[in-house]
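Numbering (this note's numbering), first residue to last: 68 to 366.
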């Protein structure tokens, strides 16, 4: 990693409170740009607008998703604006590069009945997988946590059977999320199993593992979820850890929850991010009109 990138990532962490996952993503994006520019014989700090545009074209030609291209350009803009502000170069080469057009994709959703099937399937698993997966799913569906927040929960957060969970999310910001009775019951059962597994060993994590991080990873949880999804007869293409977060938000809104409250529970900085779920709720109504209204499809 070059000293310029290292300094930029330090600034993002210290001054802007960027999360570890964000810093990792930015580091990978800038390393990918550096590899591309190296083949053109150009140092990243000396790249021109034409170099950046060529890089983005290469991503598009390789079939990279538009949203990923946009995220990478956002990273590059922040890096080169910082480079200009620091005096490392006399201009910002991304200033005239257009952001790829983004369609507003709707999140994949599970129905309430499908969530119930997932929970029932989790309960059929033997110990310790059953209590662990039940606790994970109940927590995720009850709180709408990001998956990284879920697997990285410290045991201290639930040690005393709290009615409210304090979550440290993006930008190291804390928020309070109520726990449902089923989630608390599932947590109590998992804590008993967890104590038996650990014995005299100690772990600061609610979902400990023997891996490098010391706790269950996002990919580990994703594999467990796919297994439970198969037992629940849910198409794996419709299932991912983030889908339970979507279900939490959309089901709350469907039952009359206030959009601002859902925004706070999800930890969204901008309510526009939360508003996507109102579009999800409107989609069935739109399809109904398109399919059955006597003037639908006529011009």
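C-beta atoms are modelled at their ideal positions from N, C-alpha and C, and glycine is treated no differently.
Going by DSSP in three states, residue i sits in which element: helix, strand or coil?
{"i": "residue 198", "result": "helix"}
{"i": "residue 257", "result": "helix"}
{"i": "residue 71", "result": "helix"}
{"i": "residue 160", "result": "coil"}
{"i": "residue 275", "result": "strand"}
Give me, in chain order, the residues of the same chain whose beta-carbon lies closer than 8 Å to that of residue i; leave out the 5 immediate sequence neighbours on both sides.
{"i": "residue 79", "result": "85, 89, 90, 93, 145"}
{"i": "residue 338", "result": "326, 327, 330"}
If I measure Cβ to Cβ from residue i and keep anything under 7 Å in the same chain, skipping five residues before and after, which residues do I get?
{"i": "residue 159", "result": "147, 148, 151"}
{"i": "residue 112", "result": "71, 150, 155, 156"}
{"i": "residue 318", "result": "179"}
{"i": "residue 228", "result": "251, 255"}
{"i": "residue 308", "result": "214, 285, 288, 289, 292"}
{"i": "residue 282", "result": "218, 219, 272, 274, 275, 276"}
{"i": "residue 114", "result": "104, 160"}
{"i": "residue 208", "result": "182, 311, 314, 315"}
Return the first residue and the last residue of the beta strand (DSSP E) that residue i is part of.
{"i": "residue 245", "result": "241-245"}
From what residue to what residue does the alpha helix (DSSP H) around residue i run?
{"i": "residue 214", "result": "214-218"}
{"i": "residue 320", "result": "308-321"}
{"i": "residue 233", "result": "Residue 233 -> not in any alpha helix (DSSP H); beta strand (DSSP E) instead, spanning 231-235."}
{"i": "residue 341", "result": "338-341"}
{"i": "residue 224", "result": "No alpha helix (DSSP H) holds residue 224; DSSP gives it neither H nor E."}
{"i": "residue 287", "result": "285-298"}
{"i": "residue 190", "result": "179-190"}
{"i": "residue 326", "result": "326-333"}
Can you name, in chain order, every residue of its own chain whose Cβ lies under 6 Å from the Cβ of residue i, other than the five neighbours on each side?
{"i": "residue 143", "result": "161"}
With three or more C-beta pairs closer than 8 Å as the rule, is the stretch 194-210 touching the stretch 321-330? no
Would you list, in sequence order, the uninterrupted alpha helix (DSSP H) runs of no fewer than 4 residues that lie entirely inside the stretch 84-145? 87-106, 116-128
So, do the stretch 298-305 and the stretch 182-196 have three or more beta carbon pairs nearer to each other than 8 Å? yes
Do the stretch 208-215 and the stretch 232-248 make contact, defined as three or more Cβ pairs closer than 8 Å? yes
Counting pairs of beta carbons, one from the stretch 217-232 and one from the stretch 269-287, are three or more of them closer than 8 Å? yes
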